[in-house]
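See structure below.
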Amino acid sequence: MGRILSKDADVDEEMAEMIASEIESLSNQLLVFEEKLKMLLIPSDPLDTRNILLEVRAGTGGEEAGLWVADLVGSLQGNKLTGQGNKLTGKIPEVIGLMQALAVLDLCENELVGSIPPIFGNLSFTGKLYLHANRLTGPIPPELGNMTKLSYLYNLRP
Numbered sequence: 008m009g010r011i012l013s014k015d016a017d018v019d020e021e022m023a024e025m026i027a028s029e030i031e032s033l034s035n036q037l038l039v040f041e042e043k044l045k046m047l048l049i050p051s052d053p054l055d056t057r058n059i060l061l062e063v064r065a066g067t068g069g070e071e072a073g074l075w076v077a078d079l080v081g082s083l084q085g086n087k088l089t090g091q092g093n094k095l096t097g098k099i100p101e102v103i104g105l106m107q108a109l110a111v112l113d114l115c116e117n118e119l120v121g122s123i124p125p126i127f128g129n130l131s132f133t134g135k136l137y138l139h140a141n142r143l144t145g146p147i148p149p150e151l152g153n154m155t156k157l158s159y160l161y162n163l164r165p
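68 is the number that the numbering used here gives to position 61 of the sequence shown; each next residue is one higher, with no gaps.
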């Protein structure tokens, strides 16, 4: 209809330009919406909503490799490291204490043993620390007092 009006003799030049501009703008929007619609019509994969378990190890390279792993895990977790209920065993890896921007550390409901690594005092941005339902022993290290943002330390006893 816009094309018919733009050719009509009773329509002045300014109105014809406005109509042509509107047609061009709406045509571009139509192309964008068609592309979005195509993406919405693609059936979703039933596995898209499932979590994954990604194991990243430092390997060779000493402390540098550990720092790289800490940075990688921190960036993948969006500043939240969660290992809740994953049947983790052994001691808590000290490399976690190197994750400077870690806001939440949740390692509860596992089979972790030993004590909390004193290096966790370096987690200056960590606000919540969940370690309950493990087999941790020993006192809470005084270095945790360096965790200036810590507002929540969940009961460490099983």
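Note that CB positions come from ideal geometry on N, CA and C, so glycine has one too.
Taking the alpha carbon of residue i as the reference point, which residue from the options has its own alpha carbon closest?
i: residue 137; options: 149, 153, 150 and 119; result: 119
i: residue 102; options: 110, 130 and 111; result: 130
i: residue 77; options: 63, 68 and 26; result: 63
i: residue 106; options: 79, 97, 123 and 91; result: 79
i: residue 96; options: 142, 37 and 52; result: 142
What residue range does the beta strand (DSSP E) around residue i cover?
i: residue 120; result: 118 to 121
i: residue 63; result: Taken as a continuous stretch (DSSP letters only), residue 63 belongs to no beta strand (DSSP E), as it is neither H nor E.
i: residue 94; result: Here residue 94 belongs to no beta strand (DSSP E), and DSSP marks it neither H nor E.
i: residue 136; result: 135 to 137
i: residue 111; result: 111 to 113
i: residue 88; result: 87 to 89
Residue j and residue i - do their beta-carbons sit closer together than 8 Å?
i: residue 113; j: residue 89; result: yes
i: residue 134; j: residue 156; result: yes
i: residue 110; j: residue 93; result: no
Which same chain residues end up closer than 8 Å to residue i when comparing Cβ atoms and leaving out the 5 residues on each side of it in sequence?
i: residue 72; result: 65 and 66
i: residue 158; result: 134 and 135
i: residue 8; result: With a pLDDT of 46 at residue 8, under the threshold of 50, the predicted position of this residue should be treated as unreliable, though the coordinate-derived value follows. Result list for residue 8: empty, nothing under 8 Å.
Just to confirm my understanding: we take residue i, look at its own chain, exclude 5 residues before and 5 after, and list those with CB closer than 7 Å. What are they?
i: residue 146; result: none
i: residue 13; result: Residue confidence for residue 13 is low, a pLDDT of 47 falling below 50, so the modelled location carries little weight; the figure read from the coordinates is stated next. Same-chain partners within the cutoff: 23, 26 and 27.
i: residue 132; result: 107, 108, 109, 110 and 156
Would you please state the rounded distance, in angstroms, between the beta carbons of residue i and residue j? I believe it to be under 8 Å.
i: residue 69; j: residue 99; result: In fact, because the Cβ distance is near 20 Å, the residues do not count as touching under 8 Å.
i: residue 152; j: residue 126; result: With a Cβ gap of about 14 Å, residue 152 and residue 126 do not count as contacting.
i: residue 123; j: residue 148; result: 6 Å
Leaving aside the five residues before and after residue i along the sequence, list all residues of the same chain whose C-beta is less than 6 Å from its C-beta, in chain order.
i: residue 154; result: 130 and 133
What residue range does the alpha helix (DSSP H) around residue i cover?
i: residue 33; result: 20 to 48
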